[in-house]
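Structure, as structure tokens:
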Amino acid sequence: MSNKSKITPKLRENEFPEDFKVLGEELYCIHCDHPVSWKKLSTLNDHLASNQHIRSKLGGKPKKPSTIKDTFNFNDKKQAFVQDFVEMMVTCNIPLTKKDKMASWLSNYVPNAGWILSSNTLRRDYLPKVMNKHKLEIKNKIQDQPLSIMIDSSPDRLSRNVVNIIVNCGFTGERFLLDTQFANEVNNITLFNLIENVRQEYELKWKNLETLVCDSASSNKSCIRL
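One gets this note's numbering by counting positions in the sequence shown from 1 and adding 305 to each.
Below, the structure is given as structure tokens:
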């Protein structure tokens, strides 16, 4: 067994008792109030030499969470921070892959930046939560309003049919993109099924769907008959 496999957070805590403490399964910087990657010694040394760590260490007493309550509070704070970061990136239309290139700057100037993991992890574990949150907000806004459903279909560079389903609210005038799907074929049956799926997902009532607008006049008539 290699020496590398024997490295644990507890070992790192013993090596740097004045700077790090094990909390759960992570190595926690008791000065910066966030976990750091512990597998590579160079990563720890870089953190200890960072401006953020030096400022935090000189600024006051180290923080040493040790109770179960501290652990839960820490995890809740971490989850909220990372999810808010992902939501900010999405709202600003910044690809999550940009985070990997921002890592050094974030580490030096943003408190708790060590909580933000790789872009792949953010996309897998946090982006769906942000998406579900926004869907719930839209769902609450469009309930009990007269609605117009607009369907736009256009081919992408791979010659796939990209179908966007947009809703216009009769009372507030707001518009929301409810769904985007790739369809092999676009006809009245596929369009009706897409509308029905959206209607069920957002719990819309048929009586509130007053207008349907498609690219094709024949599709409009056919969907209405269905």
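Where a beta carbon is used, it is the ideal one built from N, C-alpha and C, also for glycine. These numbers were taken from a predicted model, which means no experiment stands behind them.
7 Å Cβ shell around residue i - same chain, five flanking residues per side excluded
{"i": "residue 325", "result": "317, 318, 332, 333, 334 and 335"}
{"i": "residue 491", "result": "458, 466 and 468"}
{"i": "residue 486", "result": "468 and 499"}
{"i": "residue 320", "result": "none"}
{"i": "residue 307", "result": "For residue 307, the pLDDT reaches just 43, beneath the cut-off of 50, and the residue's location in the model is therefore unreliable, although a value from the coordinates is still provided. Contacts found: none."}
{"i": "residue 344", "result": "312"}
{"i": "residue 342", "result": "348"}
{"i": "residue 434", "result": "388"}
Any C-beta of chain D under 9 Å from that of residue i
{"i": "residue 440", "result": "Of the protein chains in the structure, only one exists, and it is not chain D."}
Cut-off 8 Å between Cβ atoms - residues of its own chain near residue i, not counting five sequence neighbours on either side
{"i": "residue 330", "result": "314"}
{"i": "residue 264", "result": "As shown, the chain starts at 306 and ends at 531. That puts residue 264 outside it, with no answer to give."}
{"i": "residue 460", "result": "466 and 467"}
{"i": "residue 413", "result": "355, 356 and 357"}
{"i": "residue 513", "result": "449, 450, 451 and 452"}
{"i": "residue 338", "result": "361, 368, 416 and 417"}
{"i": "residue 476", "result": "450 and 451"}
Spatially closest choice to residue i from the options, by CA coordinates
{"i": "residue 453", "options": "487, 434, 388 and 470", "result": "470"}
{"i": "residue 493", "options": "505, 511, 517 and 480", "result": "517"}
{"i": "residue 424", "options": "406, 437, 337 and 472", "result": "406"}
{"i": "residue 572", "options": "488, 473, 447 and 351", "result": "Here the chain has residues from 306 to 531 only, and residue 572 is not among them."}
{"i": "residue 488", "options": "482, 496 and 437", "result": "496"}
{"i": "residue 438", "options": "363, 463, 396 and 323", "result": "396"}
{"i": "residue 447", "options": "435, 481 and 434", "result": "481"}
{"i": "residue 268", "options": "340, 323, 429 and 440", "result": "Examination of residue 268 is not possible in this model, given that the chain is present from 306 through 531 alone."}
{"i": "residue 363", "options": "323, 346 and 509", "result": "323"}
Beta-bridge partners of residue i, as assigned by DSSP
{"i": "residue 455", "result": "471 and 518"}
{"i": "residue 325", "result": "334"}
{"i": "residue 466", "result": "460 and 488"}
Cβ shell of residue i (< 6 Å), same chain only, five flanking positions each side left out
{"i": "residue 507", "result": "444"}
{"i": "residue 484", "result": "470 and 503"}
{"i": "residue 515", "result": "451"}
{"i": "residue 311", "result": "none"}
{"i": "residue 473", "result": "453 and 480"}
* Asked: Given 8 Å as the limit, is there contact between the segment 405-424 and the segment 379-391, that is, 3 or more CB pairs closer than that?
  -> yes
* Length-filtered (4 minimum) alpha helix (DSSP H) runs lying within the segment 335-370 -> 346-354 and 356-364
* **Segments of 3+ residues assigned as beta strand (DSSP E) that fall wholly inside the segment 469-498** => 480-488
* **Sufficient close CB pairs (3 or more, under 8 Å) joining the segment 345-362 to the segment 388-408** => no
* Unbroken stretches of the alpha helix (DSSP H), 4 residues or longer, contained in the segment 389-444 -> 403-414
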